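Just below is one structure, and these are the notes that go with it.
Protein chains: 2
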Amino acid sequence: MSAATATPLPLSTMASAIRALAMDAVEAAKSGHPGMPMGMADVATVLFTRFLKFDPKNPTWADRDRFVLSAGHGSMLIYSLAFLTGYERMTIEELKRFRQLGSLTPGHPEVDPTLGIEMTTGPLGQGVSTAVGMALAERITNARFGDDLVDHYTYVIASDGDLMEGVSHEACSLAGHLGLNRLIVLWDDNHISIDGSTDLSFTDDTPARFRSYGWNTISVDGHDFAAVEKAIAEARTSTDKPTLIACRTIIGKGAPNKANTHGCHGSPLGADEVAATREAIGWPHEAFVIPQEVLSAWRAAGSRSADAFAAWAGRFGKLDNAQRAAFEQAMGRGVPAGLSEAIAAFKEKVSADKPGWATRVASGNVLEVLVPAVPELVGGSADLTPSNNTKVKNTADVQGKGSFAGRYVRYGVREHGMATLMNGMALHGGIIPYGGTFMQFADYCRPAIRLAALMKTRSIFVMTHDSIGLGEDGPTHQPVEHLAALRAIPNLLVLRPADAVETAECWQIALERVNGPSVLALTRQNVPTLRTEHVAENRSARGGYVLAEADGGRKATILATGSEVSLAMEARKALQAEGIGTAVVSIPSFELFEAQDDAYKAAVLGNGVRVAVEAAIRQGWDRWLGANGGFVGMTGFGESAPYQELYKHFGITAEAVTEAVKARL
Amino acid sequence: MSAATATPLPLSTMASAIRALAMDAVEAAKSGHPGMPMGMADVATVLFTRFLKFDPKNPTWADRDRFVLSAGHGSMLIYSLAFLTGYERMTIEELKRFRQLGSLTPGHPEVDPTLGIEMTTGPLGQGVSTAVGMALAERITNARFGDDLVDHYTYVIASDGDLMEGVSHEACSLAGHLGLNRLIVLWDDNHISIDGSTDLSFTDDTPARFRSYGWNTISVDGHDFAAVEKAIAEARTSTDKPTLIACRTIIGKGAPNKANTHGCHGSPLGADEVAATREAIGWPHEAFVIPQEVLSAWRAAGSRSADAFAAWAGRFGKLDNAQRAAFEQAMGRGVPAGLSEAIAAFKEKVSADKPGWATRVASGNVLEVLVPAVPELVGGSADLTPSNNTKVKNTADVQGKGSFAGRYVRYGVREHGMATLMNGMALHGGIIPYGGTFMQFADYCRPAIRLAALMKTRSIFVMTHDSIGLGEDGPTHQPVEHLAALRAIPNLLVLRPADAVETAECWQIALERVNGPSVLALTRQNVPTLRTEHVAENRSARGGYVLAEADGGRKATILATGSEVSLAMEARKALQAEGIGTAVVSIPSFELFEAQDDAYKAAVLGNGVRVAVEAAIRQGWDRWLGANGGFVGMTGFGESAPYQELYKHFGITAEAVTEAVKARL
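Quick mapping for you: the protein sequence lines, in order, are chains A and B.
With the first letter of the first sequence counted as 1, position 216 gets the number 216 in the working numbering; the numbers rise by one all the way through.
With the first letter of the second sequence counted as 1, position 107 gets the number 772 in the working numbering; the numbers rise by one all the way through.
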């Protein structure tokens, strides 16, 4: 992959093209961040002309190197590179439409591998941490499919801000522990943040910090092309450690007056400084004009890996049909084969056996079926394995340090890091990640859960201990507002199954949802099996359904989710005994129920009195309750006590539901 | 403070009392975490008998050392110590009621300084990070009030899990940067987590990590009393660095079979092992029985600092009235003096001037008035100072490294760390902390915001750029669900003012709310002044009010918050022009409005058509809208574009509101 023939131009000239496009686009948009692309133009030029394995003509090539611009505010860097290296849709017109509605060049990069954008970045810390997941996925899929098919690097450009964020600690500590030697982080060490010099707030010895995690570190002048090239080459030889390359750079390099100041971080340079920069860097061309020889040099760099792609495609073509199908199934992010049969068999058994399992236990038992059947499933927990029931018998841990054949990741007490790694694995392909923690700690994962929803990754968050049913651990560990807060996130599916049957159905839904993340909200405490008559249909898939119709005309409907559905059933029994026709509606998913047509929803909800019961706050329920509906649930934080006492203490009982119905009749 | 006379018993015997109480209480509760208290009993015994400055008879003594049990699951450690050292309300009966409803001994410690519990802990990482805020508050109040009044240490016991959490990186990095030499963290380095050995997932060189932050580190055998004593003594001599003492311990020490296993982390030892432990540690006493000589020794340790308290009280008594009042005002967490006058004057001026400020700008201008008037206010931003408008002219930064006289903290790109530090400052007393970031990053702060609500701390979170009004930065930076998600947190006040007048009112509300945190949701974009007739009354204090009554009979009510109130006013104008009597209700706070009596709420909401407009999701609005209400807002993520285009693109316009009303008439 010598670039000597491909790039006859000096690298400095090629880098000037990035600087010019970045400052011109920000100028045209009248907003944006020119400083970072200008500062890292030299490093990026070395990476993209000498090392990065990518093919703009085959952008979704499974074995491409992954490149993550963690410092997403420097989006013009990646847009410039996409244009210059020849991603077809990234035209100069799109660069001119930087930060405009409907352009391919929004303020922060939005995931689209066909443009070379592996993930959405912007919220600091997410990029570098998600990239750890990509690098882990590379090693896990390599262990499964071998070097012929999976053998690539993950490169990251990260800013000071990325490394100040806590999630970078979680993910990078784990990357060091696992020895992800294919991960190379280029740190834009420019000493400038929005408030001014990083000396105001950030005086870590960052390389020492990363060495404490078990990383290699290399420090270079980020404007010395040869030094950067040497550093990356060295990093690629690492056998058991990820590498941090500290690239000492000057933010806004090239701008004679604003370089090395926070004035060029997040604002246009201004016409005068743009002109002065053109002069200073020897770039006499008009705005958005890239001379042909520069473009040719960049396009040559963009086609550097075409031979590697062809070779890879040749190896792929020689596989037998089963191997090829397995690889495509894994990387294609489709619905796992055989899923519905496995789920149906499980449902049939448990609806007959009627176990009194906690839904976390039911989930564990579903996984005992799914994990062997779906080789893409890779589980884990943030150090709550015995509580989350996420580990299946007879599966090995992903050990790391060269040994990646397992199916289970020990994430440590790193909920946020876990969620970012899961997103990275889902983005990489080859893996359907699921990971567990207590639902309370959804708060810790929240930025990554939101990003999963925004990026439409199939990340499956297993959140157990989903209410005051947690019991003695008390209010710090009892979710109260978390169901509402999670339901608030667009494109996130929140699933709260009522029993073992619904748990299996919810797992099926989560796995079949190829374009978005799901949360499974599961109980700590035991619940009875309520779905005792087997049906093959996935009833949870409609979000809400009549679990028990009223005897006689329906006068009341009790709506419930999860562990409270059995309370609803008890209340129904009491009400029916008094001759009050009462239906129970289970709503495992608000989002799926909302998506049903009005006639279905109206029929399920009924015209009579409606009362909902959920061991959580009311927010979000009113839409199902109508004008005079009742709600039995929480109004504040929980308490520490055995859970049965808490349900009584907070008045979440069948009696309370019964009374709430009768008060409204 | 020699302890030789106060503790004639061997420290090992005193530590045995902790071990016995911990295992017995967990056994009685049939749940809990005996391993950690047993493992750290020796370290805690050294700290509480030799160093900690505290007086159970005067537990809220302002100059006491602060002790934070970050590893809150080991709550029996702090409960045992509270009983043994003589906090009056912490009786042996309370220890027997461990983890029972209404006891003083819930599963995780809940803030109550009268019991020696400085903060609520349990969610890992929060304790150590909040303690950084306490240590910072100590130095800032020391700079204000001098050594005679403020001169103490902050001690933390932290677990592996605490240090794996990302927030520990943010806070500890900042602690090193600021040189908080009075902060001493005792790390329970026991090599065990819930999943098993920490080697499964955590192989950081933690002391090296902390040195990279600029900390001292000392490593000791946590069961060698003399070594621990020497280490703490050495840590106390540090002049410009915090200290991490890595205490190599054996989890569950004393339990002959379960020590050093994860089997003793989160479960009772069981009767046999409890009996075996009694044997092994030479503790023949019945469960919950502490022999008098042991209790006497502990009580003597608990009264060690009585003289120091008396001396401090003497110094305090010699202050002049003004000095004493200033200190009491600061430490007492009361309502700042002169607040309502300052706010009223500001309101009078802006209602006359009618500026078209963004509410973030209005907030900055309110702070220009408040910060000089309220010396307890200490501001900051997570590296978004110029965007959050949080820094007041002529205030100095808190520099750290011995220079703590400033009023502004540069938190760096550490939103979560900022929020924990703010909580710590509020808990310490002497400071009313406010801190800014983009509202989007409320997600990063969320665990700490929740804990502030649970602990009832007056932490004021300034969240600017509160909607798609952010514009070009796009969906990664545009809050959509955040208002709903924040409103979901119990005891959190979410304030979204409509203009400069409401912004001032909301600041007053937040400052007067001594028992809970507030979020100020503020716009990036300009908004007109709507409250142009000055009234002294704080109208926002009722949460919602009629900003503009209908002309003619009220047929419709438009409900709105923040930047959308001006859209509501435009829609009202259009509707009135068509003869449709329309009122506009501004609802700066759902929580405050909810707390009004039904008659008030009914009068404000009116009987006619109701339509709400908010550039956010609908969740939470239905309770105000009634059966046939309309909502104009967001249904999914935002986009990158100039904000005016986004409002049009998403149909959040006066026209849409007008149509929504007319469709319902």
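For each residue, glycine too, the CB sits at the ideal point set by N, CA and C.
For clarity, every value in this text was computed on a predicted model and none was experimentally measured.
In angstroms with no decimal places, state the Cα-to-Cα distance between VAL860 of chain B and GLY917 of chain B. One point to set straight first is that residue 860 of chain B is Asp, not Val, in the sequence displayed. Each residue's CA atom was taken as its position, placing ASP860 of chain B and GLY917 of chain B some 16 Å apart.
Where do the N-terminal and C-terminal ends of the alpha helix (DSSP H) with MET422 of chain A fall, by residue? 415-428
For PRO433 of chain A, which of helix, strand or coil comes out of DSSP? The three-state secondary structure of PRO433 of chain A, taken from DSSP, is strand.
Under 8 Å, with one C-beta from each stretch per pair, do the region 413-422 of chain A and the region 341-350 of chain A reach the 3-pair mark? no
Short-range partners of chain B found in the region 616-644 of chain A, where Cβ spacing is below 7 Å: ILE617, GLN619, GLY620, ASP622, ARG623, GLY626, ALA627, GLY636, PHE637, GLU639, SER640 and ALA641
If we define contact as Cβ-Cβ less than 8 Å, is ALA488 of chain A a contact residue for chain B? yes
Can you say whether PRO680 of chain A is buried or exposed, counting buried as having 16 or more other CB atoms within 10 angstroms of its CB? Shown here, chain A extends from 1 to 665; a query on residue 680 of chain A therefore has no answer.
Can you grab the Cα-Cα spacing for the pair ALA1319 of chain B / GLY630 of chain A, in whole Å? 34 Å
Looking at C-alpha atoms only, which residue of A:LEU174, A:LEU47 and A:ARG513 is the closest neighbour of ALA226 of chain A? A:LEU47
Less than 8 Å between CB atoms is the rule here; does GLY879 of chain B satisfy it with respect to chain A? yes
Per-residue contacts from THR926 of chain B into chain A (C-beta, under 7 Å): Correct list: empty, because the minimum Cβ distance to chain A is about 13 Å.
To the nearest angstrom, how far is it from the Cα of SER12 of chain A to the Cα of ASP42 of chain A? 7 Å
Does the region 646-663 of chain A touch the region 590-597 of chain A, meaning 3 or more C-beta pairs lie closer than 8 Å? no
Skipping 5 residues on each side, what residues in its chain have a beta carbon closer than 7 Å to that of ALA693 of chain B? LYS761 and PHE763
Looking only at its own chain, which residues have a Cβ that is under 8 Å from the Cβ of THR1060 of chain B, when we skip the five neighbours before and after it? These residues qualify, in order along the chain: VAL1036, GLY1044, GLY1071, ARG1072 and TYR1073.
Nearest-angstrom beta carbon gap, VAL797 of chain B and ALA823 of chain B [assumed within contact, 8 Å]: In fact, because the Cβ distance is near 11 Å, the residues do not count as touching under 8 Å.
List the residues that DSSP assigns as beta-bridge partners of THR908 of chain B. B:ILE849 and B:ASN881
Please list the residues of the region 747-766 of chain B that have a C-beta atom closer than 8 Å to any C-beta atom in chain A, keeping them in chain order. ARG764, GLN765 and LEU766
Short Cβ contact (8 Å threshold) for GLY429 of chain A with ALA135 of chain A: no
Comparing alpha-carbon positions, which option in A:ASN58, A:SER589, A:THR658 and A:MET418 lies nearest GLN126 of chain A? A:MET418
Are there three or more Cβ pairs, one per stretch, closer than 8 Å when the region 928-943 of chain B is compared with the region 884-903 of chain B? no
Excluding the five sequence neighbours on either side, which residues of its own chain have a C-beta within less than 8 Å of the C-beta of GLY161 of chain A, listed in chain order? ALA71, LEU124, GLY125 and SER193
Got a sec? Which residues, its chain only, sit under 8 Å from VAL793 of chain B by beta carbon, not counting five neighbours each side? Taken in chain order, the residues that qualify are VAL733, SER735, VAL821, ALA823, ASP827, LEU828, SER833, ALA836, CYS837 and VAL850.
LEU742 of chain B versus THR750 of chain B - alpha carbon distance: 12 Å
Below 8 Å between beta carbons: does that hold for PRO1098 of chain B and ILE1125 of chain B? yes
Three-pair Cβ contact test at 8 Å for the region 534-549 of chain A versus the region 495-507 of chain A: yes
For TYR545 of chain A, write down the residues that DSSP places opposite it in a beta bridge. A:SER586
What are the start and end residues of the alpha helix (DSSP H) that includes THR1024 of chain B? 1024-1038
Of the choices B:PHE1069, B:ILE897 and B:SER1183, whose alpha-carbon is the least far from that of LEU1119 of chain B? B:SER1183
Same chain, Cβ closer than 6 Å to TYR1076 of chain B, neighbours up to 5 away in sequence not counted: So the qualifying residues of the chain are GLY1045, ALA1047 and MET1083.
Return no unless some Cβ of chain A is closer than 8 Å to the Cβ of MET666 of chain B. The predicted position of MET666 of chain B is uncertain, since its pLDDT is 39 and thus under 50; a value taken from the coordinates is nonetheless stated next. Not one chain A Cβ lies under 8 Å of MET666 of chain B.
Kindly identify the DSSP beta-bridge partner or partners of ARG1115 of chain B. Beta-bridge pairing links ARG1115 of chain B to no other residue.
Assuming PRO56 of chain A contacts TYR87 of chain A under a Cβ cut-off of 8 Å, what Cβ separation, rounded to an integer in Å, is found between them? Going by Cβ atoms, the distance from PRO56 of chain A to TYR87 of chain A rounds to 4 Å, so yes, they are a contact pair.
Please report the straight-line C-alpha distance between GLU783 of chain B and LEU848 of chain B, rounded to a whole angstrom. 15 Å
LEU9 of chain A versus ALA44 of chain A: straight-line alpha-carbon distance, rounded: Cα-Cα distance, rounded: 16 Å.
ARG731 of chain B bridges to which residues according to DSSP? B:THR819
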